[in-house]
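Residues in the sequence shown are numbered consecutively from 5, following our numbering.
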Amino acid sequence: MHATWHILPLNRINPNTLQILLGVRDYFGGEIMKNGLSFTQIVVMLLLTNGLMNHVIVIPMMLDSAKRDSWISVLLAGLLYLLWTGLLYSVYKKTENEHLFQWMKQTYGFPLYFVLALLTCIYCFAIATMTMTDTITWINLSFAPETPLGVNTILFAVLCLVNALFGIRSIAITSSVLLPFVVLLGFFVMSTNFPNKDYSLLLPIMENGMPPVLKGMMYAGTGFVELLLFLFLKHHLQSKVPYYQLFILAFVMIGLTFGPTLGAIVEFGPDKAGKLRYPAYEEWRLANIGLYIEHLDFLSIYQWFSGAFTRISLSLLLIVEILMIPYGKKRIWWLIGLFFFSSALSLYPMSAIQYYSLLSKQIMPSLLVLALSLSVVFALLTAFAPRRKQHEES
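Rendered as C-alpha cells:
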C-alpha cells in the first residue's frame, strides 16, 4: 500500500490560522528571502547587534561616569536620538532600497565614495573588534579563566566567520531563531529580580549637576547611533519602510538601554553598580526560582553569545558589502582576512583596566563622532545630489 498525501487547499484553512502561518513563514525567511529581506528580519538583526552594545557594553561606562543619574542620561540622549532618526530616514527616503554606496559612487564619483566607504568600514571593523575583545574578556573573567584566550578567540571567530560566509540570509535566519529566547530570558531575569529592587536609590537626582549626565549621554548616544547600520542594510529590503517603523525600532533600542541601567542602580545601588564591569551579567547572579534553584547566571551565556555572534558576523560582512566585493573566492578571502585581523587585535596584550580606559576615553567618543559625522554627510549628499544623475538612475 502507498500512503496518499492530500494537500489542504488554502481556502479551507481558517483565515486566522493562515495569517499566523504566513507570519511565521515571513519571520523565518519564507518566500521573502528569494527577493530580499523583510523589515522584520532587518529589525531582528539590528536588535541583536545593537542590543549587546546598549544592554551590556555601554552601561558600565555610563554608570561609572553618571552614577545615580545614568537613567536620566539615557532619557535625554534618547530624545536627541529620536530626532536624529529623522535625519537617518531622510537619507533612506532619497535613496530608498538602493545600495547606498553604489548610489554614492554613481552620483558623486569614485574618490568621494572611496573616502566614505573607508571611514564606514573602519566603523564596522571597530564594532566587530570591540565586541570580540569584550566577549573574550568576559568569557575569561566569568566562567573559563583557565582556557587560553587564543583558544576561545579562534573558536568563536570561526563560528562567526562561517555565519558571515553563508551571507546575509544566514545571519537573518539565525537571528530570527536566537532573538525570541533572548527576549524571554530578558523578561525572566527582570521579573525574578523584582524583590531585589529598591527604587528609592534613584533619588536624589542630579546632585552633582549636569556634567555627569552629559558624560553619560555621550556613552548612551554611542550605542544609539548604531542604528546607522540600517542604511548599510537597506538594499536587502524587499519593500519600502515607513518612518513610523524606524521610529518604533529606535524607541525599543532606548528601552534596551534604559531597562538594565535602571535595574543595575536599584538592585546594586549607584556606587556599587558603577564599579561593576558587567552589571547586566551580575543581575543574573541575583536571579533565582523559589528557595532552591539559584546560580542561573549560566543563562546569560546564551544572551551574550547570541548578540556577539550576530554583531561580529554582520559587522564584518557589511565591510565586504560596502566595498562591493563580488561573491566568490575573492569575498571568501576578504572575510577570512577580516576575521583573522580582528581576532589578532582582540588578542593584543593589554590588561582589563587598560582596555576599559582605552574603550571609555578614546574608542567610544571616536565612534560617536564618526557615526554622527557620517550620518550628516550622507544626509547632505542625498539632499543636494545632482538632479540629472538622480533621475537617470531612477
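Built from N, CA and C at the ideal position, the CB exists for glycine as well.
- By Cβ distance, which residues of its chain are closer than 7 Å to L290, with the 5 residues on each side in sequence left out? Position 286 of the sequence shown, counted from the first residue, corresponds to residue 290. Around L290, the same chain offers N197, N200, E271 as residues with beta carbons nearer than 7 Å, after the five sequence neighbours per side are excluded.
- Message: On the criterion of 16 or more Cβ atoms from any shown chain inside 10 Å, does Q45 qualify as buried, or is it exposed?
- Response: On the sequence shown, position 41 is the one that residue 45 refers to. With 16 or more Cβ atoms within 10 Å of its Cβ, Q45 is classed as buried.
- Item | Nearest neighbour of L206, chosen from M354, I76, H59, A356 [CA to CA] | The residue labelled residue 206 in the question sits at position 202 within the sequence shown. Considering only alpha carbons, the answer is I76.
- Less than 8 Å between the CB atoms is what I'm expecting for T314 and M57, so what's the real figure, rounded? In the sequence shown, counting from the first residue as 1, residue 314 sits at position 310. In the sequence shown, counting from the first residue as 1, residue 57 sits at position 53. Wrong, their Cβ atoms sit about 11 Å apart, outside the cutoff.
- Message: So the candidates are T89, L327, A348; which of them puts its Cα closest to the Cα of L153?
- Response: As a working mapping, residue 153 is identified with position 149 in the sequence shown. Ranking the options by Cα distance to L153, first place goes to A348.
- Message: When you compare the stretch 271 to 288 with the stretch 79 to 99, are there three or more beta-carbon pairs, one atom per stretch, that lie closer than 8 Å?
- Response: Segments in contact, no.
- Item | 8 Å contact criterion, which S364 and M108 should meet: CB distance rounded | Translated into the one-based positions of the sequence shown, residue 364 becomes position 360. Translated into the one-based positions of the sequence shown, residue 108 becomes position 104. Actually they are not in contact, since the Cβ atoms of S364 and M108 sit about 33 Å apart, beyond 8 Å.
- Among the residues of its own chain, which have a CB less than 7 Å from the CB of M221, if the five just before and after it don't count? By 1-based counting over the sequence shown, the position of residue 221 is 217. Hits under 7 Å: S77, L80, A81.
- Query: Counting along the chain, where does the alpha helix (DSSP H) carrying I141 start and finish?
  - Reply: In the sequence shown, counting from the first residue as 1, residue 141 sits at position 137. According to the sequence provided, residue 141 is Thr. The question's Ile does not apply to it. Secondary structure note for T141: its alpha helix (DSSP H) is the uninterrupted segment 114 to 146.
- Item | C-alpha gap between T124 and L104, whole angstroms | For the purposes of this step, residue 124 is identified with residue 120 of the sequence shown, where counting begins at 1. For the purposes of this step, residue 104 is identified with residue 100 of the sequence shown, where counting begins at 1. Near 12 Å, if we compare the C-alpha coordinates of L104 and T124.
- Query: Between P115 and S304, what straight-line distance do the alpha-carbon atoms span, to the nearest angstrom?
  - Reply: Residue 115 sits at position 111 when you count from the first residue of the sequence shown. Residue 304 sits at position 300 when you count from the first residue of the sequence shown. Here the alpha carbon of P115 sits roughly 45 Å from the alpha carbon of S304.
- Query: Looking at Y223 and S69, is the spacing between their C-beta atoms short of 8 Å?
  - Reply: Counted from its first residue, the sequence shown places residue 69 at position 65. Counted from its first residue, the sequence shown places residue 223 at position 219. Their beta carbons are under 8 Å apart, which means S69 touches Y223 by this criterion.
- Message: With H, G and I counted as helix, E and B as strand and the rest as coil, what does DSSP make of I329?
- Response: Sequence index remark: in the sequence shown, residue 329 carries index 325 (1-based). Here I329 sits in coil by DSSP.
- T178 - containing alpha helix (DSSP H), residue span: Looking up residue 178 in the sequence shown gives position 174. Its alpha helix (DSSP H) spans residues 172 to 196.
- What is the DSSP secondary structure of L351, counted as helix, strand or coil? Taking the first residue of the sequence shown as position 1, residue 351 is located at position 347. Of the three classes helix, strand and coil, the one that applies to L351 here is coil, per DSSP.
- Kindly indicate the opening and closing residues of the alpha helix (DSSP H) around G213. Taking the first residue of the sequence shown as position 1, residue 213 is located at position 209. Neither: G213 is in no alpha helix (DSSP H) and is coded neither H nor E.
- Message: I'd like to know whether the C-beta atoms of D73 and I158 end up nearer to each other than 8 Å.
- Response: Numbered from 1 along the sequence shown, position 69 holds the residue referred to as residue 73. Numbered from 1 along the sequence shown, position 154 holds the residue referred to as residue 158. It is not a contact, given that the beta carbons lie outside the stated cut-off.
- Query: Which residues in the same chain as A383 place their Cβ atom closer than 6 Å to its Cβ, once the five residues preceding and following it in sequence are excluded?
  - Reply: Within the sequence shown, the letter at position 379 stands for residue 383. Beyond the five residues adjoining it in sequence on each side, A383 comes within less than 6 Å, by CB distance, of L91, S94, V95 in the same chain, given in chain order.
- Message: Can you list, in chain order, the residues of its chain with a C-beta nearer than 6 Å to that of I131? Leave out the 5 residues immediately preceding and following it.
- Response: As a working note, residue 131 is residue 127 in the sequence shown. Counting only Cβ-Cβ distances below 6 Å, and skipping sequence neighbours, we find S319.
- Query: Span of the alpha helix (DSSP H) holding F388?
  - Reply: Counting from one through the sequence shown, the residue named residue 388 turns up at place 384. Counting along the chain, F388 falls outside any alpha helix (DSSP H), and DSSP gives it neither H nor E.
- Item | Own chain residues within Cβ distance below 8 Å of P390, not counting five before or after | Locating residue 390 in the sequence shown gives position 386, counting from the first residue. Same-chain partners within the cutoff: T111.
- Since I293 sits in a beta bridge, which residues does DSSP pair it with? As a working note, residue 293 is residue 289 in the sequence shown. Paired residues: I297.
- Compute the Euclidean distance between the alpha carbons of I140 and F388, then round it to the nearest angstrom. Here residue 140 corresponds to residue number 136 of the sequence shown, with the count starting at 1. Here residue 388 corresponds to residue number 384 of the sequence shown, with the count starting at 1. Distance from the CA of I140 to the CA of F388, rounded to the nearest whole angstrom, comes to 44 Å.
- Query: If we ignore side chains and look at the alpha-carbon of each, how far apart do W142 and G113 end up?
  - Reply: In the sequence shown, the residue the question calls residue 142 occupies position 138. In the sequence shown, the residue the question calls residue 113 occupies position 109. Each residue's CA atom was taken as its position, placing W142 and G113 some 44 Å apart.
- Message: Using a Cβ-Cβ cutoff of less than 8 Å, which residues in the same chain neighbour A375 once the five nearest sequence positions on both sides are dropped?
- Response: For this step, residue 375 is matched to residue 371 along the sequence shown. Counting only Cβ-Cβ distances below 8 Å, and skipping sequence neighbours, we find Y127, T226, V229, E230, L232.
- Message: Between the alpha carbons of I252 and T99, how many angstroms are there, rounded?
- Response: Working through the sequence shown from its first residue, we reach residue 252 at position 248. Working through the sequence shown from its first residue, we reach residue 99 at position 95. Rounded to whole angstroms, I252 and T99 show a C-alpha spacing of 21 Å.
- Residue closest to G294, alpha-carbon to alpha-carbon, out of A121, S377, S243, S195: Taking the sequence shown and counting its residues from 1, the one referred to as residue 294 is at position 290. Ranking A121, S377, S243, S195 by CA distance to the CA of G294 puts S195 first.
- Leaving out the 5 sequence neighbours to the left and right, which residues in its chain are closer than 7 Å to L241 when beta-carbon positions are compared? Taking the first residue of the sequence shown as 1, we reach residue 241 at position 237. Cβ-Cβ distances below 7 Å link L241 to G40, L41, F43, I46, N101 in the same chain, with the five nearest sequence neighbours on each side left out; the list follows chain order.
- Message: The alpha helix (DSSP H) that contains Y203, what's its start and end?
- Response: Position 199 of the sequence shown holds residue 203. Note, Y203: premise wrong, no alpha helix (DSSP H); not H, not E.
- Query: Does the distance from the CB of S350 to the CB of M136 come in under 8 Å?
  - Reply: In the sequence shown, residue 350 corresponds to position 346, counting from 1. In the sequence shown, residue 136 corresponds to position 132, counting from 1. Going by C-beta atoms, S350 is nearer than 8 Å to M136.
- Item | Spatial distance of G34 from P149 (CA atoms) | On the sequence shown, position 30 is the one that residue 34 refers to. On the sequence shown, position 145 is the one that residue 149 refers to. For G34, the pLDDT reaches just 45, beneath the cut-off of 50, and the residue's location in the model is therefore unreliable, although a value from the coordinates is still provided. G34 and P149 have their alpha carbons spaced roughly 42 Å apart.
- To the nearest whole angstrom, what separates the beta carbons of K71 and P216, a pair I think is in contact under 8 Å? As a first step, residue 71 is located in the sequence shown; it is residue number 67 there, counting from the start. As a first step, residue 216 is located in the sequence shown; it is residue number 212 there, counting from the start. Yes, they are in contact, since the Cβ atoms of K71 and P216 sit about 6 Å apart, within 8 Å.
- Message: Buried or exposed for S377, going by 16 or more other Cβ atoms inside 10 Å?
- Response: Mapped onto the sequence shown, residue 377 falls at position 373. The residue is exposed, with fewer than 16 neighbouring Cβ atoms inside 10 Å.
- Query: Where F160 and N144 are concerned, what is the direct C-alpha to C-alpha distance, given to the nearest angstrom?
  - Reply: The count along the sequence shown starts at 1 and reaches residue 160 at position 156. The count along the sequence shown starts at 1 and reaches residue 144 at position 140. In this model, F160 and N144 are separated by some 13 Å (Cα to Cα).
- Item | Rounded straight-line distance, which links the Cα of Y352 to that of L25 | Within the sequence shown, residue 25 is the residue found at index 21, counting from 1. Within the sequence shown, residue 352 is the residue found at index 348, counting from 1. Reliability of the predicted coordinates at L25 is poor, the pLDDT of 48 falling under 50, and no value is obtained from them.
- Task: Flag this pair as yes or no: are the beta carbons of L165 and I326 separated by less than 8 Å?
- Result: Along the sequence shown, read from residue 1 onward, the residue named residue 165 stands at position 161. Along the sequence shown, read from residue 1 onward, the residue named residue 326 stands at position 322. No, they are not a contact pair.
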